[in-house]
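S.K.: Quick one: the structure is below, and I'll ask about it shortly.
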Amino acid sequence: MRKTYGIIIIVATITALVMLASTAVAQTVYKWRLVSCWPSYSSFAQAEKRLVKNIYELSGGRLQITTYSAGELVPSMAVFDTVAKGAAEVGIDYAGYWQGKNSAFDILGTVPMAASQHDVVNWYFHAGGRELYNEIYGKYGLHYMLQVVVSAGSGIRSRTPIRTLADLKGKKIRVSGRAAGYVMAKAGATPMMTEPAQIAQALATGQLDGASFNAPGVDLSLGLAEVTKYNIGPGWNIPSASGGVLINKDAWNTLPPDLKKIMEVAAVDNLAFYVSFSEWDNVQSLKKFEEKGTVVTKFSDKELAQIEAWVWEFIEDEAKKNPDFERVATSYFQYMKDFATTREYQEPYSQGRNPTRYPKLPKLK
Numbered sequence: 000m001r002k003t004y005g006i007i008i009i010v011a012t013i014t015a016l017v018m019l020a021s022t023a024v025a026q027t028v029y030k031w032r033l034v035s036c037w038p039s040y041s042s043f044a045q046a047e048k049r050l051v052k053n054i055y056e057l058s059g060g061r062l063q064i065t066t067y068s069a070g071e072l073v074p075s076m077a078v079f080d081t082v083a084k085g086a087a088e089v090g091i092d093y094a095g096y097w098q099g100k101n102s103a104f105d106i107l108g109t110v111p112m113a114a115s116q117h118d119v120v121n122w123y124f125h126a127g128g129r130e131l132y133n134e135i136y137g138k139y140g141l142h143y144m145l146q147v148v149v150s151a152g153s154g155i156r157s158r159t160p161i162r163t164l165a166d167l168k169g170k171k172i173r174v175s176g177r178a179a180g181y182v183m184a185k186a187g188a189t190p191m192m193t194e195p196a197q198i199a200q201a202l203a204t205g206q207l208d209g210a211s212f213n214a215p216g217v218d219l220s221l222g223l224a225e226v227t228k229y230n231i232g233p234g235w236n237i238p239s240a241s242g243g244v245l246i247n248k249d250a251w252n253t254l255p256p257d258l259k260k261i262m263e264v265a266a267v268d269n270l271a272f273y274v275s276f277s278e279w280d281n282v283q284s285l286k287k288f289e290e291k292g293t294v295v296t297k298f299s300d301k302e303l304a305q306i307e308a309w310v311w312e313f314i315e316d317e318a319k320k321n322p323d324f325e326r327v328a329t330s331y332f333q334y335m336k337d338f339a340t341t342r343e344y345q346e347p348y349s350q351g352r353n354p355t356r357y358p359k360l361p362k363l364k
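Numbering (numbering that gives the first Met the number 0), first residue to last: 0 to 364.
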């Protein structure tokens with residue numbers, strides 16, 4: 000009887016200690032730092048603020064993330080290394096900025112002449128995109144979650160008229176990504192990579208003749224309506240653009256399962272919100288550019304066909320050099336080919352476009 004009673008006491012004590020330990024874990028407060036590629040006045044910065052607020056509220060204050068906009072703690076182009084090294088736990092990025100580390104990042108940011116924002120979301124959740132993001136970022140000790148996919152970019156905004164491909168010759172044009180840079184070089188322009196916060200000033204001082212950044216609302220938030228008068232579209236170089244949350248893997252692994260799930264849910268919520276917001280934001284933004292007197296023209300169909308040929312040329316060549324690039328590109332265009340029948344079936348109400356042809360990739364079926 001005494002032995003049984005003793006066992007009961009031991010079991011009760013162990014149970015109490017386990018419950019106390021579980022409670023202590025549940026009440027642990029994690030204080031993280033977030034460094035961003037975007038200046039605080041950019042409309043992109045609103046996405047990260049919304050993300051951090053939702054994580055705080057959903058976690059009951061257990062995960063507190065302090066946000067540092069571009070330049071406050073580190074410059075835009077230092078975000079990746081800062082998080083990879085653990086100097087900050089979280090970053091907000093555009094994958095294409097890291098193409099110098101691995102050209103696969105270029106295609107994870109955007110693919111000129113290819114997928115719409117809804118295509119990217121489809122590919123990410125259902126056709127292997129999410130796994131590839133984490134495979135490529137994982138090579139650098141990072142966990143990744145997509146949190147923003149914006150609509151088509153504005154094209155090129157410039158100080159002087161650019162109405163044809165020929166007008167690009169001799170111009171200094173800010174673009175992001177190797178594929179877009181390849182097209183600029185083919186057209187006789189000099190591609191420049193200028194940080195977001197410096198684009199307006201570079202245009203105003205003549206360091207740039209033109210710049211492509213993002214959708215009209217984002218361009219407006221960077222002050223581009225004040226320093227450019229001309230806009231040539233469509234946004235062939237940015238049919239959509241993806242932004243995400245990169246998290247130091249060691250930091251990620253310290254989180255209990257429920258906080259990991261909260262971060263994932265908050266990222267998906269942001270993704271759903273900003274897929275629609277980036278479109279809705281165009282309504283007022285385009286009006287404001289019009290009020291500023293912006294003159295809008297478009298490349299001809301013939302010129303767009305030439306641009307597409309140059310983009311595919313770049314993709315085919317880069318795929319031969321980098322297996323990571325080839326794997327991502329093949330997955331990306333396999334989705335496009337597989338979805339083509341659905342898009343045709345939905346016409347004239349489908350979103351996005353089916354390419355007239357596809358790049359020649361060895362494993363593309």
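By construction, the Cβ of each residue, glycine as well, lies at the ideal position given by its N, Cα and C atoms.
If you draw a straight line from the alpha carbon of I172 to that of S211, how long is it in whole angstroms?
M.R.: Against the sequence shown, residue 172 aligns to sequence position 173. Against the sequence shown, residue 211 aligns to sequence position 212. So the two alpha carbons sit approximately 8 Å from each other.
S.K.: Starting from D323 and walking both ways along the alpha helix (DSSP H), at which residues does that stretch end?
M.R.: The count along the sequence shown starts at 1 and reaches residue 323 at position 324. Unbroken alpha helix (DSSP H) run through D323: P322 to Q345.
S.K.: By DSSP, does G85 sit in helix, in strand, or in coil?
M.R.: On the sequence shown, position 86 is the one that residue 85 refers to. Coil, per DSSP.
S.K.: Decide if the segment 41 to 53 is in contact with the segment 265 to 283; the criterion is three or more beta carbon pairs, one per stretch, under 8 Å apart.
M.R.: Taking 8 Å as the limit for Cβ pairs, the verdict is that the segment 265 to 283 does touch the segment 41 to 53.
S.K.: Taking the alpha helix (DSSP H) that T253 falls in, what are its first and last residues?
M.R.: For this step, residue 253 is matched to residue 254 along the sequence shown. First-last of the alpha helix (DSSP H) with T253: K248 to T253.
S.K.: With H, G and I counted as helix, E and B as strand and the rest as coil, what does DSSP make of W279?
M.R.: If you number the sequence shown from 1, residue 279 lands on position 280. The answer is helix: DSSP assigns W279 an H, G or I state.
S.K.: Roughly how many whole angstroms lie between the Cα atoms of K100 and R326?
M.R.: Start at 1 with the first residue of the sequence shown, and residue 100 comes out as number 101. Start at 1 with the first residue of the sequence shown, and residue 326 comes out as number 327. Whole-angstrom Cα-Cα distance: 16 Å.
S.K.: Less than 8 Å between the beta carbons of A240 and G222, yes or no?
M.R.: For the purposes of this step, residue 240 is taken as the residue at position 241 of the sequence shown. For the purposes of this step, residue 222 is taken as the residue at position 223 of the sequence shown. Not closer than 8 Å, so no.
S.K.: Determine, using beta carbons only, whether Y139 and L107 come nearer to each other than 8 Å.
M.R.: Position 140 of the sequence shown holds residue 139. Position 108 of the sequence shown holds residue 107. No, they are not a contact pair.
S.K.: Measuring alpha carbon to alpha carbon, tell me which of F272, V294, V282 and V310 ends up nearest L224.
M.R.: Working through the sequence shown from its first residue, we reach residue 224 at position 225. As written in the sequence, residue 224 is Ala, which differs from the Leu given in the question. When each option's Cα is compared against that of A224, the closest is V294.
S.K.: Which residues bound the alpha helix (DSSP H) around Y29?
M.R.: By one-based count along the sequence shown, residue 29 stands at place 30. No alpha helix (DSSP H) holds Y29; the beta strand (DSSP E) holding it covers Y29 to S35.
S.K.: Apply the 10 Å Cβ neighbour rule to E289 and answer buried if 16 or more other Cβ atoms are within range, or exposed otherwise.
M.R.: Counting from 1 along the sequence shown, the entry for residue 289 is found at position 290. E289 comes out exposed.
S.K.: Give the straight-line distance between the Cα atoms of R32 and N353, rounded to the nearest whole angstrom.
M.R.: Residue mapping note: residue 32 aligns to position 33 of the sequence shown, counting from 1. Residue mapping note: residue 353 aligns to position 354 of the sequence shown, counting from 1. Straight-line Cα distance between these residues: approximately 41 Å.
S.K.: According to DSSP, is R129 helix, strand or coil?
M.R.: Taking the first residue of the sequence shown as position 1, residue 129 is located at position 130. Correct three-state label for R129: helix.
S.K.: Report yes if the CB atom of N121 is closer than 8 Å to the CB atom of Y357, and no otherwise.
M.R.: Residue numbering aside, residue 121 sits at position 122 when the sequence shown is read from its first letter. Residue numbering aside, residue 357 sits at position 358 when the sequence shown is read from its first letter. No, these two residues do not count as a Cβ contact at 8 Å.
S.K.: So, V244 versus V51, is the Cβ gap smaller than 8 Å?
M.R.: Within the sequence shown, numbered from 1, the residue matching residue 244 stands at position 245. Within the sequence shown, numbered from 1, the residue matching residue 51 stands at position 52. Cβ atoms of V244 and V51: not closer than 8 Å.
S.K.: In angstroms with no decimal places, state the Cα-to-Cα distance between Y40 and L219.
M.R.: As a working mapping, residue 40 is identified with position 41 in the sequence shown. As a working mapping, residue 219 is identified with position 220 in the sequence shown. In a straight line, the C-alpha of Y40 is about 10 Å away from that of L219.
S.K.: Return yes when the Cβ of A77 is within less than 8 Å of the Cβ of P195, no when it is not.
M.R.: As a first step, residue 195 must be located in the sequence shown, where it is residue number 196. As a first step, residue 77 must be located in the sequence shown, where it is residue number 78. No. Outside cutoff.
S.K.: Going by the C-beta, is N321 closer than 7 Å to any heavy atom of the ligand ZN?
M.R.: Among the components modelled here there is no ligand, and therefore nothing to report on the ligand ZN.
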